[in-house]
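Below: the structure, in structure tokens.
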Amino acid sequence: MTVEEGAHKDNVLDFALQQLDETAEIIGLHPDVHAKLRKPKRALTVSIPTRMDDGHLEVFTGYRVQHNMDRGPCKGGIRYHPSVDMDEVTALAMWMTWKCAVVNIPYGGAKGGVICDPTNMSDGEIEKLTRRFVSELVTIIGPDQDIPAPDVNTNERIMGWLMDTYSMQKGYSVPAVVTGKPIAIGGSLGRAKATGRGIVFVAREALRVSGIPVEGARVVVQGFGNVGGAFAELIEEMGATVIAISDVSGGLYNENGLPIGELIAYAKKNRVIEGFDGGDVISNDELLALECDVLVPAALENVITAENADTVQAKLVVEGANGPTTPDGHHILISRGIYVVPDILANAGGVTVSYFEWCQGIQKLFWQEDEVNRRLEDIMVRAFHDVHSRSEVLGADMRAAAMALAVERVAEAIMARGIYP
Ligand code: NAD
2 MTVEEGAHKD NVLDFALQQL DETAEIIGLH PDVHAKLRKP KRALTVSIPT RMDDGHLEVF
62 TGYRVQHNMD RGPCKGGIRY HPSVDMDEVT ALAMWMTWKC AVVNIPYGGA KGGVICDPTN
122 MSDGEIEKLT RRFVSELVTI IGPDQDIPAP DVNTNERIMG WLMDTYSMQK GYSVPAVVTG
182 KPIAIGGSLG RAKATGRGIV FVAREALRVS GIPVEGARVV VQGFGNVGGA FAELIEEMGA
242 TVIAISDVSG GLYNENGLPI GELIAYAKKN RVIEGFDGGD VISNDELLAL ECDVLVPAAL
302 ENVITAENAD TVQAKLVVEG ANGPTTPDGH HILISRGIYV VPDILANAGG VTVSYFEWCQ
362 GIQKLFWQED EVNRRLEDIM VRAFHDVHSR SEVLGADMRA AAMALAVERV AEAIMARGIY
422 P
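Written as structure tokens, this is what we have:
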């Protein structure tokens, strides 16, 4: 991924803890379990000495946080970004615990990061940094312990180096140590579009329960990368009309619908959608305020806030990005009757197909793409309805319900295992 992040990252750990505390209150969480879940199981900081191309030695700092392992090994991506810090990585690890629990896959949450700016580094420098970072993590990651994946500014190539470095240390190939790796070394078919496809399934279900037909639904998407691009393409195939898209260069609006296939080809060639002749130019702020059936923020954290939530005119907000809505922004959307499908449910398709990749790697038995997509649909649709039913029982919004379901599942595992010793 190459998303530009960091500008709005303040207090993400405070947000994550606030969400947990609110959920604990709603579900009457046992205080022992609450205390345990407020802190990560393990947090490691490492130095990563790396010989740069000009000969000098740069010592980078890297983190791996394992929030919880009660339901299974930890799962979570590794990001390379100048603004990475321990609080951010801890919050993201906690969100991974909830995300895996919401879709009921047998993992806890983890996250990793290195403070660096890969846009100013050569491929060789990134490879050396990656291999040394993995060497520092080798005792705490593994198919039964903690399985990394790509995140911001890391990709399948970097996951290939991760798999190779870990395997070199073990003396044999260990494909299941990482997901999001190239198909040639055990990556899963269907992984590339899995997050976007998962969002399509939950958006379809959310439209259904809201009584809005998918056919002709008016959809707005912020972000046109891995997540936003795949989502826009697949929801268009389902008969919806994508009336606006944006990326870092700005937005495009066409009330009759944008031609997504052509726009993807254009963005591939030109790196951004700017200059595409097929819609009116709008800003990212204008895009968020468009009247539509479904708004999918699929770019950055903290884009719907207390400052702009009252301008949102969508009937449904389906969160493609991680943390696109601040807690204050969320409360405003809910008070205005907007149906919000939270990130830990909506974008869980990526980690779900990562789970399939891990299963295939362990079994050394690989599935056809239609089997991957069918199993993904089963899991996403079931998770959506689990959360929807919980929201009706609790009389709460979908975020509160998803958190309640997730924290209850993790709490049940903690209680079943007991506190060691
Ligand atoms: P990406 O780098 O492929 O795409 C990001 C898109 O956002 C690009 O089109 C970029 O131009 C756009 N963007 C950047 N800054 C912007 C701005 N200021 N305004 C509007 N658009 C802007 O990243 P991605 O993989 O699509 O990830 C997007 C989000 O989804 C992130 O929050 C990520 O954490 C989350 N997510 C990704 C996955 C996955 O499988 N890739 C899974 C779960 C969650």
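Here my numbering is used: the first residue of the sequence shown is 2, the next is one more, and so on.
Just so you know, even glycine gets a beta-carbon here, dropped at the ideal spot from N, CA and C.
Query                                                                                                           : Result
Buried/exposed call for Lys269, threshold 16 Cβ in 10 Å                                                         : exposed
Closest Cα partner of Pro107 within the set Ala310, Cys360 and Ser247                                           : Cys360
With 16 other Cβ atoms within 10 Å as the buried cut-off, status of Glu302                                      : buried
Three-state secondary structure assigned by DSSP to Asp286                                                      : helix
C-alpha distance - Ala25 paired with Cys117, whole-angstrom precision                                           : 36 Å
Test item: CB-CB of Phe385 and Val203 under 7 Å                                                                 : yes
Three or more C-beta pairs below 8 Å linking the segment 172 to 190 and the segment 218 to 225                  : no
Under 7 Å between C-beta atoms of Lys42 and Asn69                                                               : yes
Validate contact between the segment 258 to 265 and the segment 288 to 298 using beta carbons, cut 8 Å, 3 pairs : no
Local Cβ density within 10 Å of Ile142, reported as buried at 16 or more and exposed below that                 : buried
Helix, strand or coil at Leu334 [DSSP, three-state]                                                             : helix
Boundaries (first-last residue) of the alpha helix (DSSP H) holding Phe16                                       : Val13 to Ile28
Residue range of the unbroken alpha helix (DSSP H) whose run includes Ile363                                    : Gly350 to Gln364
7 Å CB neighbourhood of Ala300 in its chain, flanking five on each side removed                                 : Val4, Gln223, Gly224, Gly229 and Ala322
Where the alpha helix (DSSP H) containing Phe202 begins and where it ends                                       : Ala195 to Val210
At least three beta-carbon pairs within less than 8 Å, the segment 147 to 154 to the segment 74 to 88           : yes
Classification of Thr91 by the beta-carbon crowding that lies within 10 angstroms, buried from 16 upward        : buried
Asp248 Cβ short of 6 Å to the ligand NAD heavy atom set                                                         : yes
Option in Ala417, Trp99, Gly240 and Gln67 with minimal Cα separation from Ile431                                : Because the chain in this structure spans residues 2 to 422, residue 431 falls outside the shown range and cannot be described.
Coil, strand or helix - Ile339 by DSSP                                                                          : coil
Residue burial classification, Ser247 (beta-carbon count within 10 angstroms, cutoff 16)                        : buried
Length of the line joining the Cα atoms of Asp281 and Gly251                                                    : 11 Å
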